[in-house]
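Asks: Residue numbers (this note's numbering), protein chains in the order written: chain A, 1 to 205; chain B, 206 to 410.
Ideal placement from N, C-alpha and C gives every residue a C-beta, glycine not left out.
I'd like to ask some things about the structure below.
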């Protein structure tokens, strides 16, 4: 059995201990013959996946009443895995969700690295820089690259730490954000582990 | 004599007490026959404007040693007008600069409303919302529109208030941000007033 967490840009598979990604644009889910337990935030793939017998949508096995209607299923699965903490899932979007003593308090969405960099470069060619992950967040910047890096990272940082909760980093870019949140726990398998828990609980597969 | 603050998208003129804008893409500076004292962050217009005798670049009348080389001249003029405070200039980009007791401490750049909205909608069609300026910043959101609105506004807010300085709002979207920073002073004429001060000091025009 495979696990699969489908985002806007890629299928993220877990096969035993090994994880691998396939591009949403080019991968054909018919290629997989074995059973796949999946979650997906990608509406475009919904009809195709629903028509495949070996693709089992785990979204149906979760109690969504604790969350809100349009909340991405990946965020819900991440929250299900954390009893007390603030979860930063850094992918094409960065979702930040608060779980306090087992209760979902809400969450917000911030652009991912690529989207935000694009946003600056579209404003002006003079803001077309890569982010500096080593930027000093304790000092106001005095050069353009640091000015956009601080604008992206420090604003997120200031808001996240204001919640005074343990920080859990996950997602494809989770590791990169340890530079910004040095005290965070990184758990790249957070969603897959949550999926395993739901599978066991619901006795699926 | 006219004053003009040129950005990436428009020429912002002040004629006596009246201000008006012209689009960078369509306006021809040759149309103006009288003297114009200007500042510009738009590199593309530099050669043309330098060639016009009646367009006087005020950037040359300022001591830039207090600032940094690639800092936009509009930010420098805004800082010259504030002795002690944090200046939020909300246009196509949002620049945030700290002046403490007359000294420039540095600043950062954050995407403007249009650029940030674009950034969310490019990540996924499911994030294609307008920002809700009425979003409650004291409570974590539980719907998608508020999740992106909070992601944009509250991160900026948390960082800005952490500096514990009087807040000055300016720029084309300055008024809109009073919803987010209700205690801020709005000064839409900040840069023009700063230009007037420099003109007097340098005895130009």
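In chain B, which residues lie with their C-beta within 9 Å of the C-beta of residue 169 of chain A?
Replies: Against the first chain, residue 169 of chain A aligns to sequence position 169. Chain B residues near residue 169 of chain A: none, gap ~17 Å exceeds 9 Å.
Asks: Below 7 Å on C-beta distance, what does residue 10 of chain A contact in chain B?
Replies: Translated into the one-based positions of the first chain, residue 10 of chain A becomes position 10. Those within 7 Å of residue 10 of chain A in chain B number zero; the least Cβ separation is about 13 Å.
Asks: For residue 254 of chain B and residue 211 of chain B, I'd like the C-alpha separation in whole angstroms.
Replies: Looking up residue 254 of chain B in the second chain gives position 49. Looking up residue 211 of chain B in the second chain gives position 6. Each residue's alpha carbon lies about 11 Å from the other.
Asks: Leaving out five residues before and five after residue 225 of chain B in sequence, what residues of the same chain have Cβ atoms less than 6 Å from its Cβ?
Replies: Numbered from 1 along the second chain, position 20 holds the residue referred to as residue 225 of chain B. Excluding positions up to five away in sequence, the list reads 218.
Asks: Going along the region 260-275 of chain B in order, which residues come within less than 9 Å of chain A, judged by CB to CB distance?
Replies: Of all residues in the region 260-275 of chain B, 272, 273, 274 and 275 have a Cβ within less than 9 Å of some Cβ in chain A.
Asks: To the nearest angstrom, how far is the alpha carbon of residue 318 of chain B from that of residue 296 of chain B?
Replies: Counted from its first residue, the second chain places residue 318 of chain B at position 113. Counted from its first residue, the second chain places residue 296 of chain B at position 91. Approximately 8 Å between the Cα atoms of the pair.
Asks: Just by C-beta distance, which residues in the region 341-356 of chain B are closer than 7 Å to chain A?
Replies: Cβ contacts with chain A: 344, 345, 346, 347, 348, 349, 352, 353, 355 and 356.
Asks: Could you pull the start and end residues of the beta strand (DSSP E) that residue 217 of chain B belongs to?
Replies: For the purposes of this step, residue 217 of chain B is taken as the residue at position 12 of the second chain. Run containing residue 217 of chain B: 215-220, per the beta strand (DSSP E) assignment.
Asks: Would residue 107 of chain A pass as an interface residue toward chain B - the criterion being a Cβ-Cβ separation below 8 Å?
Replies: Reading the first chain from its first residue, position 107 is the one you call residue 107 of chain A. Cβ-Cβ to chain B under 8 Å: yes for residue 107 of chain A.
Asks: So, is residue 103 of chain A buried or exposed, given that buried needs 16 or more other C-beta atoms within 10 angstroms?
Replies: On the first chain, position 103 is the one that residue 103 of chain A refers to. Label assigned to residue 103 of chain A: exposed.
Asks: Which whole-angstrom value is the C-beta distance of residue 116 of chain A and residue 67 of chain A, which I expect to be below 8 Å?
Replies: Locating residue 116 of chain A in the first chain gives position 116, where the first residue counts as 1. Locating residue 67 of chain A in the first chain gives position 67, where the first residue counts as 1. Actually they are not in contact, since the Cβ atoms of residue 116 of chain A and residue 67 of chain A sit about 26 Å apart, beyond 8 Å.
Asks: Closer than 7 Å by C-beta to residue 202 of chain A: which residues in its own chain qualify, once you throw out the five before and the five after it? Chain order, please.
Replies: In the first chain, residue 202 of chain A corresponds to position 202, counting from 1. Cβ neighbours of residue 202 of chain A beyond the five flanking positions: 61.
Asks: So, at 6 Å on beta carbons, what are the nonlocal neighbours of residue 382 of chain B in its own chain, with the 5 sequence-adjacent residues on each side left out?
Replies: The residue labelled residue 382 of chain B in the question sits at position 177 within the second chain. Result list for residue 382 of chain B: 295 and 374, in chain order.
Asks: Where residue 251 of chain B and residue 339 of chain B are concerned, what is the direct C-alpha to C-alpha distance, given to the nearest angstrom?
Replies: To locate residue 251 of chain B, count along the second chain from 1; it is residue 46. To locate residue 339 of chain B, count along the second chain from 1; it is residue 134. C-alpha separation (whole angstroms): 40 Å.
Asks: Is it a yes or a no for the region 359-369 of chain B touching the region 148-167 of chain A, going by three-plus beta-carbon pairs under 8 Å?
Replies: These segments touch.
Asks: Between residue 154 of chain A and chain B, is the shortest Cβ-Cβ distance under 8 Å, so that the two count as touching?
Replies: Stepping through the first chain from its first residue, residue 154 of chain A is reached at position 154. True, the Cβ-Cβ gap to chain B drops below 8 Å.
Asks: Just to make sure I have the definition right: I need the residues of chain B whose C-beta is within less than 9 Å of the C-beta of residue 43 of chain A. Which are they?
Replies: Taking the first residue of the first chain as position 1, residue 43 of chain A is located at position 43. Chain B residues near residue 43 of chain A: 329, 330 and 331.
Asks: Between which two residues does the alpha helix (DSSP H) containing residue 398 of chain B stretch?
Replies: As a first step, residue 398 of chain B is located in the second chain; it is residue number 193 there, counting from the start. Run containing residue 398 of chain B: 395-407, per the alpha helix (DSSP H) assignment.
Asks: If you follow the beta strand (DSSP E) that residue 245 of chain B is in, where does it begin and where does it stop?
Replies: Locating residue 245 of chain B in the second chain gives position 40, counting from the first residue. Element bounds for residue 245 of chain B: 241-245.
Asks: Residue 74 of chain A by DSSP, collapsed to three states: which one?
Replies: Position 74 of the first chain, counted from the first residue, corresponds to residue 74 of chain A. Here residue 74 of chain A sits in helix by DSSP.
Asks: So, at 8 Å on beta carbons, what are the nonlocal neighbours of residue 175 of chain A in its own chain, with the 5 sequence-adjacent residues on each side left out?
Replies: Taking the first residue of the first chain as 1, we reach residue 175 of chain A at position 175. Cβ neighbours of residue 175 of chain A beyond the five flanking positions: 169, 186 and 188.
Asks: Are the C-beta atoms of residue 439 of chain B and some chain A residue less than 8 Å apart?
Replies: Residue 439 of chain B is absent from the model: chain B starts at 206 and stops at 410.
Asks: What is the residue span of the alpha helix (DSSP H) that residue 356 of chain B lies within?
Replies: Translated into positions along the second chain, residue 356 of chain B becomes position 151. Note, residue 356 of chain B: alpha helix (DSSP H), 349-366.
Asks: How about residue 332 of chain B and residue 73 of chain A: are their beta carbons less than 8 Å apart?
Replies: Counting from 1 along the second chain, the entry for residue 332 of chain B is found at position 127. Counting from 1 along the first chain, the entry for residue 73 of chain A is found at position 73. The answer is no: Cβ separation not under 8 Å.
Asks: Where does residue 370 of chain B fall in DSSP's three states?
Replies: Here residue 370 of chain B refers to the residue found at position 165 of the second chain. Three-state result, residue 370 of chain B: coil.
Asks: Consider the Cβ of residue 1 of chain A: report whether some Cβ of chain B lies at a distance smaller than 8 Å.
Replies: As a first step, residue 1 of chain A is located in the first chain; it is residue number 1 there, counting from the start. Not one chain B Cβ lies under 8 Å of residue 1 of chain A.
Asks: My assumption, with CB atoms under 8 Å, is that residue 399 of chain B sits in contact with residue 298 of chain B. Please give the rounded CB distance.
Replies: Translated into positions along the second chain, residue 399 of chain B becomes position 194. Translated into positions along the second chain, residue 298 of chain B becomes position 93. With a Cβ gap of about 18 Å, residue 399 of chain B and residue 298 of chain B do not count as contacting.
Asks: My understanding is that residue 162 of chain B touches residue 207 of chain B, with C-beta atoms under 8 Å, so please give their C-beta distance in whole angstroms.
Replies: Lying before the first or after the last residue shown, residue 162 of chain B is absent from chain B, which here runs from 206 to 410.
Asks: Return the chain-ordered list of same chain residues with a C-beta closer than 6 Å to the C-beta of residue 166 of chain A, the five sequence neighbours on each side being excluded.
Replies: Along the first chain, read from residue 1 onward, the residue named residue 166 of chain A stands at position 166. Closer than 6 Å at the Cβ level, and outside the excluded window around residue 166 of chain A, lie 85.
Asks: Under the three-state reduction of DSSP, which class applies to residue 288 of chain B: helix, strand or coil?
Replies: In the second chain, the residue the question calls residue 288 of chain B occupies position 83. Three-state DSSP puts residue 288 of chain B in coil, outside helix and strand.
Asks: What does the alpha-carbon distance come out to for the pair residue 143 of chain A and residue 275 of chain B?
Replies: Residue numbering aside, residue 143 of chain A sits at position 143 when the first chain is read from its first letter. Residue numbering aside, residue 275 of chain B sits at position 70 when the second chain is read from its first letter. Looking at the two C-alpha atoms, the distance is approximately 7 Å.
Asks: Using only the alpha-carbon positions, how far apart do residue 328 of chain B and residue 56 of chain A sit?
Replies: Along the second chain, one-based indexing puts residue 328 of chain B at 123. Along the first chain, one-based indexing puts residue 56 of chain A at 56. Cα to Cα, residue 328 of chain B sits roughly 26 Å from residue 56 of chain A.
Asks: Strictly under 8 Å for the Cβ-Cβ distance: is residue 116 of chain A near chain B by that measure?
Replies: Mapped onto the first chain, residue 116 of chain A falls at position 116. Chain B contact via Cβ: present.
Asks: How many angstroms separate the CA atom of residue 63 of chain A from the CA atom of residue 106 of chain A?
Replies: The residue you call residue 63 of chain A lines up with position 63 of the first chain. The residue you call residue 106 of chain A lines up with position 106 of the first chain. Residue 63 of chain A and residue 106 of chain A: Cα-Cα distance of roughly 16 Å.
Asks: For residue 101 of chain A, which residues of its own chain have a beta-carbon under 8 Å away from its beta-carbon, when the five flanking residues on both sides are left out?
Replies: Residue mapping note: residue 101 of chain A aligns to position 101 of the first chain, counting from 1. Once the five neighbours on either side are set aside, the close Cβ partners of residue 101 of chain A are 83 and 84.
Asks: Going along chain A, which residues have a C-beta under 7 Å from residue 364 of chain B?
Replies: To locate residue 364 of chain B, count along the second chain from 1; it is residue 159. 154, 155 and 158, listed in chain order.
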